[in-house]
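Undergrad: This structure is in structure tokens; I'll ask about it shortly.
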Amino acid sequence: MAFAGKWETETQEGYDEFCKLLGIPDDVIEKGRNYKLITEVTQSGNDFAWCQIYPTNATVTNKFTIDKECDMETIGGKKFKATVQMEGGKLSVTFPNYHHTSEIVGGKLVEVNTRSCAYLLLRA
207 MAFAGKWETE TQEGYDEFCK LLGIPDDVIE KGRNYKLITE VTQSGNDFAW
257 CQIYPTNATV TNKFTIDKEC DMETIGGKKF KATVQMEGGK LSVTFPNYHH
307 TSEIVGGKLV EVNTRSCAYL LLRA
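Counting from 207, one number per residue, gives the positions in the sequence shown under this note's numbering.
Pasting the structure below:
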């Protein structure tokens, strides 16, 4: 599955509930509610560079190879080790506080972050 491209968030679902479950303060949730996150992905076979650019100009880039442990970072700056897997055309990885999947559906990047019964769905 080809993920390469530049994607801007068009819609999101479950934002407030998901952020509250992660313990994000209300004022930060309010500021981020209508952000248009830009995700730039480069891909060469199983090697990826996944860059997320926030309206504040904060940027987080994670480089990884499918099925190989790598160093990753959250938007909050927390560094951790993870292994990104490809399952049925979806990229799947576990972050410290949630599980993340990404896939291309109808030419759009669809990202789902889940924790317990809450989720955050982004379409770009």
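Positions of the beta carbon are idealized from the N, C-alpha and C atoms, including for glycine.
1) Is the separation between the beta-carbon of Cys276 and that of Thr267 shorter than 9 Å?
2) Check whether the Cβ of Val266 lies closer than 8 Å to any heavy atom of the ligand HEM, and answer yes or no.
3) According to DSSP, is Glu219 helix, strand or coil?
4) Report back the beta-carbon spacing between Ile230 and Tyr260 to the nearest angstrom; my notes put them in contact at under 8 Å.
5) For Asn303, which residues of its own chain have a beta-carbon under 8 Å away from its beta-carbon, when the five flanking residues on both sides are left out?
TA: In terms of the structure at hand:
1) no
2) Absent from the structure shown: the ligand HEM. Ligands present: none.
3) strand
4) Going by Cβ atoms, the distance from Ile230 to Tyr260 rounds to 14 Å, so no, they are not a contact pair.
5) Leu228 and Arg321
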